[in-house]
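Asks:
There are 2 protein chains.
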Amino acid sequence: MFIEQLSESTEMYLKAIVEMSDRDMVAVSRLAERVNVTPVSANEMVHRLGEQGLVEHTPYKGVALTEKGREVACNVLRRQRLWEVFLYEHLKIEWAQIYELACSLEHATAPEVTEALATFLGDPRTCPRGNPIPAADGSFTPLDGLPLSEISVGKTVRVVAVNATETDVLRYLQEREILPGQEITVLEAAPLHGPLMLRMPGGKEVALGMSLAEFVFVK
Amino acid sequence: MFIEQLSESTEMYLKAIVEMSDRDMVAVSRLAERVNVTPVSANEMVHRLGEQGLVEHTPYKGVALTEKGREVACNVLRRQRLWEVFLYEHLKIEWAQIYELACSLEHATAPEVTEALATFLGDPRTCPRGNPIPAADGSFTPLDGLPLSEISVGKTVRVVAVNATETDVLRYLQEREILPGQEITVLEAAPLHGPLMLRMPGGKEVALGMSLAEFVFVK
DNA sequence: CGGAATAATAAGGGTAACCATAAGATTTTT
DNA sequence: AAAAATCTTATGGTTACCCTTATTATTCCG
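Chains as they are written, first to last, in the working numbering: chain F, 1049 to 1267; chain A, 1049 to 1267.
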């Protein structure tokens, strides 16, 4: 396996795909939203990634990573999440900001640095957002949990991970203490995909929109 | 003062200029060598930097940073050298490699991260290569020392900094223990810019080419 | 002073990654 | 099945940064 020099853009797309594909293929339009480009641009890029053998694109269906693409993406994820741990645990940076800041550092990190960092941090297995950190060999236990949006009324669950990436969204959740480890009871689900009413540990009640609830993984 | 988003390339050029301008202007051709592009490309880039008000180019004389350029460059240097400290002191990465590895991290580092890192490291004043780390406000005490190449025969001096950037060069010096803090006696200088003979602490004698000796700053 | 070396400019190209607009293709909804 | 929505492709354009080759300008040095 050769160590090709992939562009920052390439890594961003691969990371987006691996983070969005819990089960099926990723629609190119969703991908475009995630990486903040027009669908046309995303389409072009998907072609380029296909030519490099990193993804498989089935027109009108979506994109999936190839084995090679998955390997690269896991590596990217490892770097990203190790930096998240460092920024949060050692640099004491605000929880909501670590994703964005780690994201920039990710591409600039050589393999030597990644492994030295992992050792320095004590080989953590999850990042501060609760997501698993792939091992150096690429192995990776996917998150076992369900989005909060699929939990039925009355159930009490524990947050295992928060999968959002935008700082605003993360800050919104942070302010409401919807964080890994918290115990939450779903009190009510408004009809027509309306917001969930949640009871938080202190007894406080919080309303959470469905699209936000999809980011919160619980067990 | 606006926080413009400068490209990685721009930052590289500015860093190269500030690191090379000990006294006079920097020749565009030498800059080209440093950043590893053709003189024509460097010339183009110098024009672009001039248009952005970062450098002042006097044809046939060289380039110098403007006040704005110097400010940006010091910031770049601060980030670069803080990472060098982290990589060396905490991640235990080989001395010769830290410049190159810190270089990639530099551009990806947001101001919040820079300052949190500085605090984490205990606000170090020099990097492992002996170079001063500019303060957060941009203030910066230039290195006081002379290149080893200008020391007269018979003198005993102490290495204060090693200004090389290429990993091969740094590794060559590392192997000969020409490192900050070492005491060196200049035994002989061969004619026609020939190599220097040096006596190292253990009594070992080492020959060092003139172009390498220019990187070694002593007092 | 005049030739050699060095520096700058001009002209023509290339690539990666984005954009907009518009025209087809396919899927989904009515 | 037709209309609507979504996806894909085509076309043409932009920016930043790099390249080569050739020409002109300046400086350095014998």
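Idealized CB from N, CA, C, for every residue including glycine.
Phe1188 (chain F) lies in the alpha helix (DSSP H); which residues open and close that run?
Replies: It is not in any alpha helix (DSSP H) - Phe1188 (chain F) carries neither H nor E in the DSSP assignment.
Asks: At what residues does the alpha helix (DSSP H) containing Glu1148 (chain A) begin and finish?
Replies: 1146 to 1155
Asks: For Leu1130 (chain F), collect the residues of the same chain with a Cβ closer than 7 Å to its Cβ; drop the 5 residues on either side in sequence, then sort them by chain order.
Replies: Result list for Leu1130 (chain F): Thr1162, Leu1165, Ala1166, Leu1169, Ile1181, in chain order.
Asks: May I have the straight-line CA-CA distance separating Ala1184 (chain A) from Asn1123 (chain A), to the nearest angstrom?
Replies: Taking C-alpha positions only, Ala1184 (chain A) is separated from Asn1123 (chain A) by approximately 8 Å.
Asks: Among A:Arg1096, A:Val1207, A:Arg1224, A:Ser1152, which residue has its Cα nearest to the Cα of Glu1056 (chain A)?
Replies: A:Ser1152
Asks: Between the segment 1230 to 1238 of chain A and the segment 1190 to 1204 of chain A, do three or more beta carbon pairs fall short of 8 Å?
Replies: At 8 Å Cβ cutoff, the stretches touch.
Asks: Could you tell me which chain F residues have their CB closer than 9 Å to the CB of Pro1141 (chain A), listed as they occur along the chain?
Replies: Here residue 1141 (chain A) is Ile; the residue named in the question, Pro, does not match the sequence. Neighbours of Ile1141 (chain A) on chain F, chain order: Glu1160, Val1161, Ala1164.
Asks: Do Gly1110 (chain F) and Ala1080 (chain F) count as a contact pair if the criterion is CB distance below 7 Å?
Replies: no
Asks: For Leu1038 (chain F), go through chain A and note every residue whose CB falls closer than 8 Å to its CB, in chain order.
Replies: The requested residue 1038 (chain F) is not part of the displayed model; chain F covers only 1049 to 1267.
Asks: So what's Pro1087 (chain F) in DSSP terms, helix, strand or just coil?
Replies: helix
Asks: Roughly how many angstroms separate the alpha carbons of His1155 (chain F) and Glu1059 (chain F), rounded to a whole number?
Replies: 7 Å
Asks: Near Asp1070 (chain F), which residues of its chain fall below 6 Å by C-beta distance, leaving aside the five closest residues on each side in sequence?
Replies: none
Asks: Go ahead and pull the three-state DSSP assignment for Met1049 (chain A).
Replies: Only weak support exists for where Met1049 (chain A) lies, its pLDDT of 49 falling under 50; the coordinates are left without a value.
Asks: My understanding is that Leu1097 (chain A) touches Val1120 (chain A), with C-beta atoms under 8 Å, so please give their C-beta distance in whole angstroms.
Replies: Between Val1120 (chain A) and Leu1097 (chain A) the Cβ distance is about 10 Å, and since that is not below 8 Å, they are no contact.
Asks: Only counting the same chain, and skipping five residues up and downstream in sequence, which positions put a Cβ closer than 8 Å to that of His1241 (chain F)?
Replies: Met1258
Asks: Taking Pro1195 (chain F) as the reference, which of F:Asp1072, F:Val1208, F:Arg1177, F:Tyr1147 has the closest Cα?
Replies: F:Val1208
Asks: What is the DSSP secondary structure of Ile1232 (chain A), counted as helix, strand or coil?
Replies: strand
Asks: Would you verify that the beta carbon of Glu1059 (chain A) is, or is not, closer than 7 Å to some beta carbon of chain F?
Replies: no
Asks: Can we say the segment 1213 to 1228 of chain F touches the segment 1248 to 1258 of chain F, given the rule of at least three CB pairs closer than 8 Å?
Replies: Judged by Cβ distances under 8 Å, the segment 1213 to 1228 of chain F makes contact with the segment 1248 to 1258 of chain F, as three or more pairs qualify.
Asks: Strictly below 8 Å CB to CB, what residues from chain A border Leu1135 (chain F)?
Replies: Val1161, Ala1164, listed in chain order.
Asks: When the Cα of Thr1213 (chain F) is compared with those of F:Ala1238, F:Val1264, F:Arg1173, which residue comes out closest?
Replies: Comparing Cα positions, the closest option is F:Val1264.
Asks: Give me the residue from F:Pro1107, F:Pro1172, F:Glu1160, F:Leu1113 with the minimum Cα distance to Phe1134 (chain F).
Replies: Closest option to Phe1134 (chain F), Cα to Cα, is F:Pro1172.
Asks: Give me, in chain order, the residues of the same chain whose beta-carbon lies closer than 7 Å to that of Ile1199 (chain A); leave out the 5 immediate sequence neighbours on both sides.
Replies: Val1205, Val1234, Val1266
Asks: Starting from the Cα of Leu1260 (chain A), find the closest Cα among A:Met1248, A:Pro1249, A:Pro1243, A:Arg1247 and give me that residue.
Replies: A:Pro1243
Asks: Please list, in chain order, the chain A residues whose beta carbon lies closer than 8 Å to that of Leu1125 (chain F).
Replies: Within chain A, no residue comes near Leu1125 (chain F); the closest Cβ sits about 17 Å away, beyond 8 Å.
Asks: Below 7 Å on C-beta distance, what does Leu1218 (chain A) contact in chain F?
Replies: None at all; the shortest Cβ gap to chain F is about 15 Å.
Asks: Please confirm whether Phe1168 (chain F) has its beta-carbon closer than 7 Å to some beta-carbon of chain A.
Replies: Yes, contact with chain A.
Asks: Residues bridged to Glu1225 (chain F) by DSSP?
Replies: DSSP, once it has assigned bridges, lists no residue as partnering Glu1225 (chain F).
Asks: Over the uninterrupted beta strand (DSSP E) stretch that includes Ala1075 (chain F), give me the two end residues.
Replies: Counting along the chain, Ala1075 (chain F) falls outside any beta strand (DSSP E), and DSSP gives it neither H nor E.
Asks: Express the C-alpha separation of His1105 (chain A) and Met1049 (chain A) in angstroms, rounding to a whole number.
Replies: Summary for Met1049 (chain A): the model assigns pLDDT 49, below 50, so the residue's position carries little reliability; its value from the coordinates is reported in the next sentence. Cα to Cα, the separation comes out at about 22 Å.
Asks: Determine the direct distance from the alpha carbon of Tyr1108 (chain A) to that of Arg1219 (chain A), and round the result to whole angstroms.
Replies: 35 Å
Asks: Would you list the residues sitting across from Met1248 (chain A) in a DSSP beta bridge?
Replies: Looking at the DSSP assignment, Met1248 (chain A) forms no beta bridge with any residue, so it has no partner.
Asks: Who are the near neighbours of Thr1147 (chain A) in its chain, counting only those whose CB is closer than 6 Å to its CB and skipping five residues on each side?
Replies: Here residue 1147 (chain A) turns out to be Tyr, not Thr, going by the sequence shown. Closer than 6 Å at the Cβ level, and outside the excluded window around Tyr1147 (chain A), lie Thr1213.
Asks: With DSSP as the reference, label Gly1178 (chain F) as helix, strand or coil.
Replies: coil
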